[in-house]
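What follows is a set of notes on a single structure, which appears directly below.
2 protein chains.
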Amino acid sequence: MSLKHGLLGLLKYGDMTGYDLDKAFKSSLRPAWNVQTSQIYRELGTMEEKEWLSSRIEIQEGKPNRKYYHITQEGEKELKLWLLEDHVKEELYLRHPFFLQLFFAGENTDEENVKMIQILKERCHSEITNIETMYRDAEEYRNIVKDENRTKYWQLANMLGKSYYQNFINWADEAIEFLNKKEGE
Amino acid sequence: MSLKHGLLGLLKYGDMTGYDLDKAFKSSLRPAWNVQTSQIYRELGTMEEKEWLSSRIEIQEGKPNRKYYHITQEGEKELKLWLLEDHVKEELYLRHPFFLQLFFAGENTDEENVKMIQILKERCHSEITNIETMYRDAEEYRNIVKDENRTKYWQLANMLGKSYYQNFINWADEAIEFLNKKEGE
DNA sequence: TGGGTCATGTAACCTGTTACATGATTAG
DNA sequence: CTAATCATGTAACAGGTTACATGACCCA
Chain X
2 MSLKHGLLGL LKYGDMTGYD LDKAFKSSLR PAWNVQTSQI YRELGTMEEK
52 EWLSSRIEIQ EGKPNRKYYH ITQEGEKELK LWLLEDHVKE ELYLRHPFFL
102 QLFFAGENTD EENVKMIQIL KERCHSEITN IETMYRDAEE YRNIVKDENR
152 TKYWQLANML GKSYYQNFIN WADEAIEFLN KKEGE
Chain C
2 MSLKHGLLGL LKYGDMTGYD LDKAFKSSLR PAWNVQTSQI YRELGTMEEK
52 EWLSSRIEIQ EGKPNRKYYH ITQEGEKELK LWLLEDHVKE ELYLRHPFFL
102 QLFFAGENTD EENVKMIQIL KERCHSEITN IETMYRDAEE YRNIVKDENR
152 TKYWQLANML GKSYYQNFIN WADEAIEFLN KKEGE
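Taken in sequence, the protein lines are chains X and C.
So for the first sequence, this note's numbering puts the first residue at 2; every next one is plus one.
So for the second sequence, this note's numbering puts the first residue at 2; every next one is plus one.
Structure below.
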């Protein structure tokens, strides 16, 4: 999607290594998507070529060296522009194989589909739990950062993430009821 | 995502050309995502190589010839398996740049962000209108198909699509209220 | 006379995914 | 003793995006 800009955003909090960024991304932007570690390293490479980032290597003993990335002025400019762009235009799709599966679910039996919808529900419940844990873990950062402007939007992102999964759960309940009623007819 | 399986599903309704599939996809699976026409042709090519499809060419006068694709037994088997797989596992992410944007929205002013959220709302309203039109247009198919098992799931997909966008709208209202309240403090 | 529909694609590029590789240290 | 953590990547492939090309017909 826009991994590059996600990384730029995280690097505004401070210099980090690819490893740190991987963890930071996975623990804060998880509702967005699951990034591949290898992709992060690749993107960091091309971002450095574009001069959005600079880097320095810290030598460690016993452990592998750490390569710290730092956001440049170019990078900050790029991030600022991206944050003001309208990304809502064409990219609001419900991009899940599950939706296709549902559309063609008439090819399966109702029992098979109910089972699938139940799995969806469970999965969404556990995602909500993850988000709540994530958010509680972030409390400490909020105490350190004390930048209300930032934390305000973390809260909004948190609300959006949770309601997104809650919506699947609500739909799943309605769907199961609907299928049972049809069954009884 | 799984364009190949989406195309297989559509071809179960009857033989179609790439052009037809493009239109069918865009008018029924639109809440899922917007496929590139060129990608459909490419995928059809590889699907034919895999022998999930066979094709025949119908010569037309004045207009370009039409290349009809037909789902093979191999293709049907593949679709059946795919429809029973668990696609909910790792792929339920809210995969939108908007989420990243929101997470880092503290870099913008509140006014800029409220404007952005309002654009989101409008866009979601128009998506819901699109889905409703789409669904009404599909009524005729439902009368022809008369396969209640299929149409039942079209209805569920329709419900999911609408609630997905409605959820953004509800969130947007809360978010705007939240930002205004914070502003007043 | 210009734009839309019909109908097919190719080429290049960018992004995402999967698999693999290394090698030391630390905790259960 | 085994698994996890620390920390870096490369290679190959699959899937998505953008730009371009062709050419006739139809409608305002």
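We treat Cβ as the ideally placed atom computed from N, Cα and C, and that holds for glycine.
- prompt: Looking at C-beta atoms only, is the number of pairs between the segment 113-130 of chain X and the segment 84-103 of chain C that lie closer than 8 Å three or more?
  reply: yes
message: For Met2(C) and Lys5(X), what's the separation of their Cα atoms in angstroms?
response: In the second sequence, residue 2(C) corresponds to position 1, counting from 1. In the first sequence, residue 5(X) corresponds to position 4, counting from 1. Each residue's alpha carbon lies about 21 Å from the other.
- prompt: Are Leu22(X) and Leu103(C) touching if we call contact CB-CB under 8 Å?
  reply: Sequence index remark: in the first sequence, residue 22(X) carries index 21 (1-based). Sequence index remark: in the second sequence, residue 103(C) carries index 102 (1-based). Result no, Cβ atoms of Leu22(X) and Leu103(C) do not sit closer than 8 Å.
task: Enumerate in chain order the residues of its own chain whose CB-to-CB distance from Gly10(X) is below 7 Å, with the five nearest sequence positions on each side excluded.
output: Sequence index remark: in the first sequence, residue 10(X) carries index 9 (1-based). Cβ within range, chain order: Leu80.
- request: Please go through the segment 38-122 of chain X and give each complete alpha helix (DSSP H) segment of 4 or more residues, from N-terminal end onward.
  value: 38-50, 74-85, 98-104
- request: Check the Cβ of Arg124(X) against every Cβ in chain C and list those closer than 8 Å, keeping chain order.
  value: Your numbering for residue 124(X) matches position 123 in the first sequence. Within 8 Å Cβ-Cβ: Val89, Lys90, Leu93.
query: Just how far apart, CA to CA, sit Ala106(C) and Asn150(X)?
result: Your numbering for residue 106(C) matches position 105 in the second sequence. Your numbering for residue 150(X) matches position 149 in the first sequence. Per the coordinates, the alpha-carbon of Ala106(C) lies some 8 Å from the alpha-carbon of Asn150(X).
query: If we ignore side chains and look at the alpha-carbon of each, how far apart do Lys51(X) and Glu75(X) end up?
result: Here residue 51(X) corresponds to residue number 50 of the first sequence, with the count starting at 1. Here residue 75(X) corresponds to residue number 74 of the first sequence, with the count starting at 1. Straight-line Cα distance between these residues: approximately 9 Å.
field: Other residues of its chain near Glu44(X): CB distance less than 7 Å, five sequence neighbours each side excluded
entry: In the first sequence, residue 44(X) corresponds to position 43, counting from 1. Counting only Cβ-Cβ distances below 7 Å, and skipping sequence neighbours, we find Leu4, Lys5, Leu8.
task: At 8 Å on the CB atoms, spell out the chain X contacts of Lys81(C), in chain order.
output: As a working note, residue 81(C) is residue 80 in the second sequence. Under the 8 Å cutoff, chain X gives Glu108.
message: Would Trp172(X) and Met160(C) be called neighbours here (beta carbons separated by less than 8 Å)?
response: Stepping through the first sequence from its first residue, residue 172(X) is reached at position 171. Stepping through the second sequence from its first residue, residue 160(C) is reached at position 159. Result yes, Cβ atoms of Trp172(X) and Met160(C) sit closer than 8 Å.
message: At the level of alpha carbons, what is the spacing between Arg96(X) and Ile60(X)?
response: Position 95 of the first sequence, counted from the start, is the residue given in the question as residue 96(X). Position 59 of the first sequence, counted from the start, is the residue given in the question as residue 60(X). Here the C-alpha atom of Arg96(X) lies approximately 42 Å from the C-alpha atom of Ile60(X).
message: Using a Cβ-Cβ cutoff of 9 Å, what residues of the segment 12-44 of chain C are near chain X? List them in chain order.
response: Sequence-ordered contacts of the segment 12-44 of chain C with chain X read Lys13, Ser29, Leu30, Arg31, Pro32, Ala33, Trp34, Asn35 [C-beta pairs closer than 9 Å].
- prompt: When the distance is taken between beta carbons, is Ser56(X) closer than 8 Å to Thr73(X)?
  reply: Working through the first sequence from its first residue, we reach residue 73(X) at position 72. Working through the first sequence from its first residue, we reach residue 56(X) at position 55. In this structure, Ser56(X) does not lie closer than 8 Å to Thr73(X) by Cβ.
Burial state of Ser29(X) (16 or more Cβ within 10 Å): As a first step, residue 29(X) must be located in the first sequence, where it is residue number 28. With 16 or more other Cβ atoms within 10 Å, it is buried.
- request: Please name the residue in Ile41(C), Arg124(C), Tyr42(C), Asp111(C) whose C-alpha comes closest to that of Leu85(X).
  value: Locating residue 85(X) in the first sequence gives position 84, where the first residue counts as 1. Among Ile41(C), Arg124(C), Tyr42(C), Asp111(C), the Cα nearest to that of Leu85(X) belongs to Asp111(C).
message: Going by DSSP in three states, Met2(X) sits in which element: helix, strand or coil?
response: The residue you call residue 2(X) lines up with position 1 of the first sequence. Three-state result, Met2(X): coil.
query: Mind pulling the chain X residues with CB within less than 7 Å of Trp53(C)?
result: As a position in the second sequence, residue 53(C) is number 52, starting the count at 1. Residues of chain X passing the Cβ test: none, with the nearest at roughly 15 Å.
- prompt: What residue range is occupied by the uninterrupted alpha helix (DSSP H) comprising Asn35(X)?
  reply: Within the first sequence, residue 35(X) is the residue found at index 34, counting from 1. It is not in any alpha helix (DSSP H) - Asn35(X) carries neither H nor E in the DSSP assignment.
message: Going by beta-carbon coordinates alone, are Lys27(X) and Lys183(C) separated by less than 8 Å?
response: To locate residue 27(X), count along the first sequence from 1; it is residue 26. To locate residue 183(C), count along the second sequence from 1; it is residue 182. Not closer than 8 Å, so no.
Nonlocal neighbours in the same chain, by C-beta distance under 6 Å from Ile129(C), ignoring five residues either side: As a position in the second sequence, residue 129(C) is number 128, starting the count at 1. Answer for Ile129(C): Lys163, Tyr166, listed in chain order.
task: Report the neighbours of Gly7(X) on chain C: residues whose CB is nearer than 7 Å to its CB, in chain order.
output: Walking along the first sequence from the start, residue 7(X) turns up at place 6. Chain C residues near Gly7(X): Leu101.
query: Lys116(C) to Pro65(X), Cα distance in whole Å?
result: As a first step, residue 116(C) must be located in the second sequence, where it is residue number 115. As a first step, residue 65(X) must be located in the first sequence, where it is residue number 64. Answer to the nearest angstrom: the Cα atoms are 46 Å apart.
- prompt: Which chain C residues sit within Cβ distance under 7 Å of Ala158(X)?
  reply: Looking up residue 158(X) in the first sequence gives position 157. By Cβ distance, chain C contributes Phe100, Leu103, Phe104.
query: In chain order, what residues of the same chain lie with their CB nearer than 8 Å to the CB of Arg67(C), ignoring the 5 residues before and after it?
result: On the second sequence, residue 67(C) is found 66 positions in, with the first residue counted as 1. Here the set comprises Thr18, Tyr20, Ile58, Glu59, Gln61.
field: Listed by chain order, chain C residues near Met2(X) by CB distance under 8 Å
entry: Taking the first residue of the first sequence as position 1, residue 2(X) is located at position 1. In chain order: Arg96, His97, Pro98, Leu101.
message: Within 8 Å of any Cβ in chain C, is that where the Cβ of Arg137(X) sits?
response: The residue given as residue 137(X) occupies position 136 in the first sequence. Not one chain C Cβ lies under 8 Å of Arg137(X).
task: Report yes or no: is there a C-beta of chain X within less than 8 Å of the C-beta of Asn150(C)?
output: Position 149 of the second sequence, counting from 1, holds the residue named residue 150(C). Closer than 8 Å to some Cβ of chain X, the Cβ of Asn150(C) qualifies, so yes.
task: Have a look at Gly185(C), Ile177(C), Ala176(C), Asn131(C) and flag the residue whose alpha-carbon is nearest the alpha-carbon of Ala33(C).
output: In the second sequence, the residue the question calls residue 33(C) occupies position 32. The shortest Cα separation from Ala33(C) among Gly185(C), Ile177(C), Ala176(C), Asn131(C) belongs to Asn131(C).
- request: Buried or exposed for Asn114(X), please, with buried defined as at least 16 other CB atoms from any protein chain shown within 10 angstroms of its CB.
  value: Counting from 1 along the first sequence, the entry for residue 114(X) is found at position 113. Buried.
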